[in-house]
Structures are given as C-alpha cells and as structure tokens.
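Read through the structure below, which is laid out as structure tokens, and then see the notes.
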Amino acid sequence: MNAEAMIWLTWRQHRWAIAVMSVVALLSALGLASAETGGVQTGMPLAAFYSLIVQLGFGALVGAFWGAPLLARELEERTYFVAWGQDVTPARWLRGKLAVLGLAAAVLGALVGSGDGLSGDGDRSWSMFEAHWAVQAGYAVLGLATGVLAGLLTRHTVTAMAATLVAYTLVRVVLATFARDHYLPVHRSIARWDQTTVVPADALKITDGFVGNDLEPVGVTARCAEFPLPHSCMRSTKAAAGTFADFQPVDRILAFRFIEFGICVVLAALTLYLTFRLLRRGGGWRPSRSHRRDVSSAPQSTPAVAAAQAEG
Numbered sequence: 009m010n011a012e013a014m015i016w017l018t019w020r021q022h023r024w025a026i027a028v029m030s031v032v033a034l035l036s037a038l039g040l041a042s043a044e045t046g047g048v049q050t051g052m053p054l055a056a057f058y059s060l061i062v063q064l065g066f067g068a069l070v071g072a073f074w075g076a077p078l079l080a081r082e083l084e085e086r087t088y089f090v091a092w093g094q095d096v097t098p099a100r101w102l103r104g105k106l107a108v109l110g111l112a113a114a115v116l117g118a119l120v121g122s123g124d125g126l127s128g129d130g131d132r133s134w135s136m137f138e139a140h141w142a143v144q145a146g147y148a149v150l151g152l153a154t155g156v157l158a159g160l161l162t163r164h165t166v167t168a169m170a171a172t173l174v175a176y177t178l179v180r181v182v183l184a185t186f187a188r189d190h191y192l193p194v195h196r197s198i199a200r201w202d203q204t205t206v207v208p209a210d211a212l213k214i215t216d217g218f219v220g221n222d223l224e225p226v227g228v229t230a231r232c233a234e235f236p237l238p239h240s241c242m243r244s245t246k247a248a249a250g251t252f253a254d255f256q257p258v259d260r261i262l263a264f265r266f267i268e269f270g271i272c273v274v275l276a277a278l279t280l281y282l283t284f285r286l287l288r289r290g291g292g293w294r295p296s297r298s299h300r301r302d303v304s305s306a307p308q309s310t311p312a313v314a315a316a317q318a319e320g
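Numbering (the working numbering), first residue to last: 9 to 320.
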C-alpha cells in the first residue's frame, strides 16, 4: 500500500471524528468573534471562560479522542494483525495516520486560536495569551502525540484516554504556571523609599519585593516578617533601600506565543520519536492475560503443518 492509499484510508476511517472536531472548533471561534464584533464587553470574565473551556480543552479532546484510541484500540482488539500486514509495517501505518490527523489537529487548533475575533485585542492583553493560532495549534499537536504514546503504553483505550488527559493537563499546568512567565528575562522597575515602582497597566507582573543598597533583591527580615505590612519595618530598620517589581511588557506577548508553540512542537516530536522507537521494538508492550489465553488456547501446529507452511 503506497502513501497516498494510506492517507486516503485514514481519511475514510476518521472523517466523522474530524468533522465533529471541526464543528467544535468552528463554533468556538465564531462564538467569541461574534461577541466582540457585536459590542459585548470581552474583559477578563469572557477571556477566562474562553481560555478554560475551549482553549484548555481542545488539545485534550484531540489527544483523548484521536490520539489515545489510535494504537490502543488496535492492540486491545487485536486488529493490528490485520492492519499491520506484510506490505504495511507498524511504523508506516502510524505515519500515514499521523499525516492526516496531525495536519487536521494543527489546522483546527489554529482555528480555535483565532477566536480572539477581528479586533486584535488578544495582542494587547496577557489574559488572552492563548487566543492565538500558534499556541492552540501547538497544543493540539502535542495532545495528539501524547495520546498516541499513551495508547501504545497502556494498550487499553479508556485507560489511554485517562492517561492522556492527566499527562496533557500536567504539561499545560507546568508551562502556564512555572515556565511561561520566564521565556525572556523580566523587566525590573526599582524605586527608592520616596518613589513608586512603575509597572505598565497592560504588563504581566511577575513578582515584587525589596532591594538593598546595591539595588539587588533582599528578603524580609525575621523581625519585619511578623508585621502584617513589612514595608514600614523594612524602611525604619534600614533593612532595605527601596522596592522592586518584575514584569513582562505586553509587546512581548507575540514572541512568548511562538516560544510556547516551539516548546509544544519539540515535546510532540520527542513524544512521537519515543513512540516510533517503541513500535519498532515490538511496541514496547507484552501481551495481556487475555492475549496469552488466546495464544495458549490456539491449536498447536504439527510438524507436518509447519513444514507445509514453510514450503508455501
């Protein structure tokens, strides 16, 4: 079977799943776009709702419903005996599947990311960070790759879907909570006691604190930590010379989006590399108990039958 036939077969097998996910992506994008163009205030509540419900969930849906069953169902139902024939190796079979599903995931993810509408406000607000085609396309591809690996390791569809959701959510939390704020060095505003730190209203504030005479951050002393507001104590005891505030300016949001897109692509590539390595080594799995029972209950071939098969 050539590559075109594999791609066509994959499309025929998954066209309804792709159609359903396309409807979800289209409705989510049109919903927010119409809200913005219709004059509805799209402040933090709508941005947060869109981010949590649609953006955070789309990559997980792709991974759970497209990626996880891809190998898990074949191994669980033992249909891989038919799918992986002499003319189609497991790696070639998987490449054909991923060519279609990976492209569809990236395109639909980009569609979901275009849900910031026509106003372009997403480029001026950190709360709309994920409302961008590159971010959502990257996470959709990462979700697909995560699901495929989970399916190969668990060889059980429902278990693979659950594992995909857990792993995908963990990656999202780590990137959004610990990594995203530090893709580039922060800007620091320093002020003496008679001044005030200047942080732009549209900037993403990272942290603040006190600075010493060398204008480097210093911690709150044990004595001042007992006060509800340690500023007065730190100033009166001369434990600090002023305050500081670290932030990321809003003009970096586009660069941060493409950095996160690159991280997702690299993670997806590493995940698929591991998947293909395991697949070439026999899938990295052992037959389950039901598989062993099937093998043990199968009729044993006699020497005559084995010789006839060898001659054939």
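Ideal Cβ placement from N, Cα and C applies to all residues, glycine included.
Notebook entry, point to check: Taking the C-alpha atoms as reference points, what is the distance between residue 25 and residue 112?
Noted result: In the sequence shown, counting from the first residue as 1, residue 25 sits at position 17. In the sequence shown, counting from the first residue as 1, residue 112 sits at position 104. Computed Cα separation, rounded: 11 Å.
Notebook entry, point to check: Thinking just about the alpha-carbon of each residue, which of 148, 88, 106, 185 is nearest to the one in residue 114?
Noted result: Numbered from its first residue, the sequence shown carries residue 114 at position 106. The residue with the shortest Cα to Cα distance from residue 114 is 148.
Check: Can the beta-carbon of residue 263 be found less than 8 Å from the beta-carbon of residue 213?
Finding: As a position in the sequence shown, residue 263 is number 255, starting the count at 1. As a position in the sequence shown, residue 213 is number 205, starting the count at 1. No; because the gap between Cβ atoms is not below 8 Å, this pair is not in contact.
Checklist line | Inter-residue Cα distance where the pair is residue 257 and residue 243 | finding: If you number the sequence shown from 1, residue 257 lands on position 249. If you number the sequence shown from 1, residue 243 lands on position 235. A straight-line Cα-Cα distance of about 29 Å links residue 257 and residue 243.
Check: Can you tell me whether DSSP reads residue 197 as helix, strand or coil?
Finding: Taking the sequence shown and counting its residues from 1, one reaches residue 197 at position 189. Correct three-state label for residue 197: strand.
Next item on the list: Using the Cα positions of residue 241 and residue 218, report the straight-line distance between them to the nearest angstrom.
Entry: Residue numbering aside, residue 241 sits at position 233 when the sequence shown is read from its first letter. Residue numbering aside, residue 218 sits at position 210 when the sequence shown is read from its first letter. In this model, residue 241 and residue 218 are separated by some 12 Å (Cα to Cα).
Check: Can you tell which of 232, 117, 82 has the C-alpha that lies nearest to the C-alpha of residue 31?
Finding: Against the sequence shown, residue 31 aligns to sequence position 23. When only C-alpha atoms are compared, the closest one is 117.
Next item on the list: Please determine, among 239, 234, 172, the residue with the shortest C-alpha to C-alpha distance to residue 216.
Entry: One-based indexing of the sequence shown puts residue 216 at position 208. Distances from the alpha-carbon of residue 216 to those of 239, 234, 172 put 239 closest.
Next item on the list: Take the Cβ of residue 227 as the centre, count every other Cβ of all protein chains shown within 10 Å, and call the residue buried at 16 or more, exposed below.
Entry: For the purposes of this step, residue 227 is taken as the residue at position 219 of the sequence shown. Its Cβ having fewer than 16 others within 10 Å, residue 227 is exposed.
Check: Where do the N-terminal and C-terminal ends of the beta strand (DSSP E) with residue 217 fall, by residue?
Finding: As a working note, residue 217 is residue 209 in the sequence shown. For residue 217, the uninterrupted beta strand (DSSP E) run begins and ends at 212-219, by DSSP.
Item checked: Collapsed DSSP secondary structure at residue 76 in the structure displayed -> Against the sequence shown, residue 76 aligns to sequence position 68. Helix.
Next item on the list: Could you tell me if residue 270 is buried or exposed, where buried requires 16 or more neighbouring beta carbons within 10 angstroms of its beta carbon?
Entry: To locate residue 270, count along the sequence shown from 1; it is residue 262. Label assigned to residue 270: exposed.
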